[in-house]
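Trainee: Position 105 (the sequence shown) corresponds to 96 in this note's numbering; numbering is contiguous.
Glycine included, C-beta positions come from ideal geometry on N, C-alpha and C.
Let me begin by handing over the structure; questions about it come next.
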Amino acid sequence: MLKDNSASVHQRLLNKARSNGRPFDELFQYFVIERFLYRLSTSKHRDQFVLKGALLFRVWTAEDSRATRDIDFLAYGDNSIDSIIEIVKEIIAVNGDDGIVFDLDSIDAQQITEGADYEGKRVVFRAYLGKAVSRMQLDIAFGDVVNPLPETGMYPTVLDHAAPELWLYPPESVFAEKLEAMIDLGSLNSRMKDFFDLWRMAQQFEFDGAELLNAVSNTLSNRKTEALPYAVLKSELTGSSDKQKQWAGFLEKSQLSAPHSFADLLEQLEQIISPILDSVLTGGDLVERWKPGGPWIKK
-8 MLKDNSASVH
2 QRLLNKARSN
12 GRPFDELFQY
22 FVIERFLYRL
32 STSKHRDQFV
42 LKGALLFRVW
52 TAEDSRATRD
62 IDFLAYGDNS
72 IDSIIEIVKE
82 IIAVNGDDGI
92 VFDLDSIDAQ
102 QITEGADYEG
112 KRVVFRAYLG
122 KAVSRMQLDI
132 AFGDVVNPLP
142 ETGMYPTVLD
152 HAAPELWLYP
162 PESVFAEKLE
172 AMIDLGSLNS
182 RMKDFFDLWR
192 MAQQFEFDGA
202 ELLNAVSNTL
212 SNRKTEALPY
222 AVLKSELTGS
232 SDKQKQWAGF
242 LEKSQLSAPH
252 SFADLLEQLE
262 QIISPILDSV
272 LTGGDLVERW
282 KPGGPWIKK
């Protein structure tokens, strides 16, 4: 039987939180997420799940990522509630020798319905480190296309435990899905995190035009969303009186660095997005390469 090392792990997390000037609860949450991902990575179900969402930025960049308490996946296989619960139980039943105990009896799952743009399930359960408790949430999508294909990568660790090696969504597909949501929801879109992630990716990532165009085209087609000129989309969003207020609230709560004006944000996004949508609408090619921060340049 493995010894209970929860007290020593708790103290190490507390020491690191103090030295980094970060809240313990935030570091604890990321540690619990990491240890769930490690259990997944060592299970027989590893190849059924592709990590997506905000946690990918912890893999892609050394900077602090946008805070999240959820784990987003694309999954393959049986999408019934019973099957998903059984899989999650098998994953969290593993003892990772990291002080974390996942509560099998706390698992609950349901259909994702609010604002859903895909077939998905939500699984919630609790995790314990001694007396410290964290609420876990998995949002699991089914049926999306991923282009380019997912690749494996190492998820960063908070302390010095074994790192999870997982299947990861490529940046092109992340960008494509957030752009599709931006088009599909239009002025009804209150998901300011998606606008921020699109802007951040445009600032930090290099993209091959053909690959990004292919990802956007496939995502729009798979989700049956019609492309439209960026000028039309921008006009709809800037004409919405509550968008600046929502954006300001998001920046204040998240303490992230980004353009303070929502209109300025849309202007900056136009540089990368407009040529993509033009190519989708005309069936043309996008042979340029996007440099971090822009612009599109010839290869």
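Label Ile24 either buried or exposed according to how many other C-beta atoms from any shown protein chain fall within 10 Å of its C-beta, with 16 as the threshold for buried.
Mentor: It counts as buried.
Trainee: Which of the three DSSP states is assigned to Leu5 in this structure?
Mentor: Here Leu5 sits in helix by DSSP.
Trainee: Measuring CB to CB, does Phe187 end up less than 8 Å from Phe241?
Mentor: Yes.
Trainee: Could you tell me which residues DSSP puts in a beta bridge with Ser74?
Mentor: Answer by DSSP bridge pairing: none, since Ser74 is not bridged.
Trainee: I'd like to check one pair, Lys112 with Ile82: are the Cβ atoms closer than 8 Å?
Mentor: Going by C-beta atoms, Ile82 is not nearer than 8 Å to Lys112.
Trainee: Tell me, please, which residues DSSP counts as bridged to Arg113.
Mentor: According to DSSP, Arg113 bridges with Gln101 and Asp130.
Trainee: Using the Cβ count rule (16 or more neighbours within 10 Å means buried), how would you classify Ile288?
Mentor: When all chains shown are included, Ile288 counts as exposed.
Trainee: Assuming contact is defined by CB atoms lying nearer than 8 Å, are Ala218 and Ile263 in contact in what I supplied?
Mentor: For Ala218 and Ile263, no; Cβs fall outside 8 Å.
Trainee: Distance, Cα to Cα, Arg30 vs Lys234?
Mentor: Taking the straight line from one Cα to the other gives about 40 Å.
Trainee: Using 8 Å as the threshold, is the C-beta distance between Arg280 and Gly230 below it?
Mentor: No. Outside cutoff.
Trainee: I need the straight-line Cα distance from Gly275 to Asn205, nearest angstrom please.
Mentor: Gly275 and Asn205: Cα-Cα distance of roughly 11 Å.
Trainee: Does Glu217 come out as helix, strand or coil in the three-state DSSP assignment?
Mentor: Three-state DSSP puts Glu217 in coil, outside helix and strand.
Trainee: Out of Ile267, Val149, Tyr119 and Lys244, which has the shortest C-alpha to C-alpha gap to Leu18?
Mentor: Comparing Cα positions, the closest option is Val149.
Trainee: Short of 7 Å in beta carbon distance, which residues of its chain neighbour Ala100, apart from the five on each side in sequence? Order them along the chain.
Mentor: Same-chain partners within the cutoff: Ile72, Ile75, Ile76, Lys112, Arg113 and Val114.
Trainee: What are the residues that DSSP puts in a beta bridge with Met145?
Mentor: Glu156.
Trainee: Do Val124 and Ile98 have their C-beta atoms within less than 8 Å of each other?
Mentor: Not in contact: Val124 and Ile98 (Cβ atoms no closer than 8 Å).
Trainee: Among Val137, Asn213 and Ala45, whose alpha-carbon lies nearest the alpha-carbon of Arg60?
Mentor: That would be Ala45, whose Cα lies nearest to the Cα of Arg60.
Trainee: Cα separation between Leu65 and Asp135?
Mentor: The straight-line gap from Cα to Cα measures roughly 7 Å.
Trainee: Decide if the stretch 258 to 273 is in contact with the stretch 187 to 196; the criterion is three or more beta carbon pairs, one per stretch, under 8 Å apart.
Mentor: Because the criterion of three Cβ pairs below 8 Å is met, the stretch 258 to 273 and the stretch 187 to 196 touch.
Trainee: What residues in its chain sit with their C-beta under 8 Å from that of Val278, if we drop five residues either side in the sequence?
Mentor: Once the five neighbours on either side are set aside, the close Cβ partners of Val278 are Gly200, Ala201, Lys289 and Lys290.
Trainee: Taking Trp158 as the reference, give the member of Pro139, Leu247, His152 and Arg214 with the closest Cα.
Mentor: Trp158 has its Cα closest to that of Pro139, out of Pro139, Leu247, His152 and Arg214.
Trainee: Whose CA, out of Tyr67, Arg13 and Ala132, lies closest to the CA of Arg37?
Mentor: Out of Tyr67, Arg13 and Ala132, Tyr67 has the C-alpha closest to the C-alpha of Arg37.
Trainee: In the DSSP assignment, what residue or residues form a beta bridge with Lys43?
Mentor: Bridge partners of Lys43: Asp63.
Trainee: Using a Cβ-Cβ cut-off of 7 Å (strictly less than) and excluding sequence neighbours within five positions of Pro283, which residues of its own chain qualify?
Mentor: Counting only Cβ-Cβ distances below 7 Å, and skipping sequence neighbours, we find Gln194, Gln195, Phe196 and Glu197.
Trainee: Which term fits Glu171, buried or exposed, when burial requires 16 or more other beta carbons within 10 angstroms of its beta carbon?
Mentor: Buried, since its Cβ has 16 or more Cβ neighbours within 10 Å.
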